[in-house]
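Asks: Quick one: the structure is below, questions incoming.
Residue numbers (the numbering used here): 156 to 283.
Here it is in structure tokens:
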């Protein structure tokens, strides 16, 4: 993932694990500066991880000059990510001309435990 130097995402240290046209897997470590008072990865950062993985995958299925923007996101938080890394596994549910739907499972890799399950819809935007 290429990020502009100094951008917040550069400070979070997302890393790619696997990528192909139908699947994208990225990870984010749980660190003290990213954890809540109980030591779990902040829920907002889990949501960000989901949105980034899903958005990058949805972007692979649009035409030249088109972009995607998050239209809807539903997340079920199932367990805390206490150790990590948090691994977001995104898969294409549907890639249409106007709307794409991506499913994302987030795993606490150290415990091999499902921590969150999400569905993200993206509107496909034509060039300006």
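Glycine included, C-beta positions come from ideal geometry on N, C-alpha and C. Source: prediction; values computed, not measured.
Quick check on the burial criterion: 16 or more other C-beta atoms within 10 angstroms. Buried or exposed for residue 182?
Replies: Its Cβ being crowded by 16 or more others within 10 Å, residue 182 is buried.
Asks: Nearest to residue 259 by alpha carbon, out of 192, 248, 280 and 252?
Replies: Ranking the options by Cα distance to residue 259, first place goes to 248.
Asks: How is the beta strand (DSSP E) around residue 268 delimited, first residue to last?
Replies: Start and end: 268–280.
Asks: Anyone know if the C-beta pair for residue 246 and residue 177 falls short of 8 Å?
Replies: Against a cut-off of 8 Å, the Cβ pair of residue 177 and residue 246 comes out as a contact.
Asks: Rounded to the nearest angstrom, what separates residue 280 and residue 179 at their Cα positions?
Replies: C-alpha separation (whole angstroms): 21 Å.
Asks: Which residue's Cα is closest to the Cα of residue 236: 211, 188 and 184?
Replies: Residue 184 is the option with its Cα nearest to residue 236.
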